[in-house]
Amino acid sequence: EEEEEDEASKEREWRQKLQGELEDEWQEVIGRFEDDASHETQEPESFSAWSERLAREHAQKHQQQQREAEGACRPPRAEGSSHSWQQQEEEQRLFRERARAKEEELRESRAKRAQEARGDRGPEPARAGPRAEHPRGAGRGSLWRFGDVPWPCPGGGDPEAMAAALVARGPPLEEQGALRRYLRVQQVRWHPDRFLQRFRSQIETWELGRVMGAVTALSQALNRHAEALK
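Numbered by full-length UniProt numbering, the letters in the sequence shown go through residues 1 to 230 in order.
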């Protein structure tokens, strides 16, 4: 309320200051109309209407500048926002498909390791030592490395850029209620605790620290975007 009163006070001061200047300029305009022979068929704009029109134009320009200043604080949105929901659904579908495929590979890998541990290797006798039977990395090829994680941008990358990409796929900025709900879904999905609970067993142990560092940074970037909408 105080900000609105302050804005109204500034507007009144501007109008008073402008009044004197407009009166002088108005007299010049009236003189030009009177000297013009065509003024008999075209009624000039009244002083009050003219001053009101200039005031409206000033207010509109001020509002436009405020919107531009607010927009400068937000990441650029991708073109074609009318297709943002389709892009979001496609991204979610790909995420689920990749997660299911990795889970299936992980189950097959565990079953294979369990079979080998029981010694069920078929009729061929084992003639090689342990290193030959279990080559380096055997059974772990299906676990995720950093680039296998279904990041918002293929292969991962800068967390701020990934957060901006997620926001760009959501509803337009004008629909702030829908955009806030969309961001809450993304905040839950990329929360470090939730992500670790769901996917820890699918990530290579030596890649876990790097992956969780990127997930944490992405989660923090999404939180900043959500705070900016409040």
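Ideal placement from N, C-alpha and C gives every residue a C-beta, glycine not left out.
By alpha-carbon positions, which one of the options ends up nearest to residue i?
i: S109; options: H191, S219, Q202; result: Q202
i: P150; options: A8, W206, A214; result: A214
i: L218; options: Q186, A8, D148, Q64; result: Q186
i: S142; options: P192, R184, F199; result: F199
i: H191; options: A8, D6, S9, N223; result: N223
i: D193; options: Q64, P152, T216, Y182; result: T216
i: L183; options: A168, A8, L196, Q197; result: A168
i: Q60; options: E11, E97, Q16; result: E11
Looking at residue j and residue i, is the spacing between their C-beta atoms short of 9 Å?
i: A226; j: A164; result: no
i: W144; j: V211; result: yes
Quick one: measure Cβ to Cβ for residue i and residue j, integer angstroms, because I've assumed they're closer than 8 Å.
i: L229; j: L179; result: 6 Å
i: R157; j: G147; result: Residue 157 is actually Gly in this sequence, not Arg. About 10 Å separates the two Cβ atoms, so there is no contact after all.
- Quick check: the segment 170-186 against the segment 153-162, are there 3 or more CB pairs under 8 Å? no
- Could you pull out every unbroken alpha helix (DSSP H) segment of at least 4 residues lying fully inside the segment 167-216, listed in chain order? Those alpha helix (DSSP H) runs which fall completely within the segment 167-216 and span 4+ residues are 176-189, 192-199.
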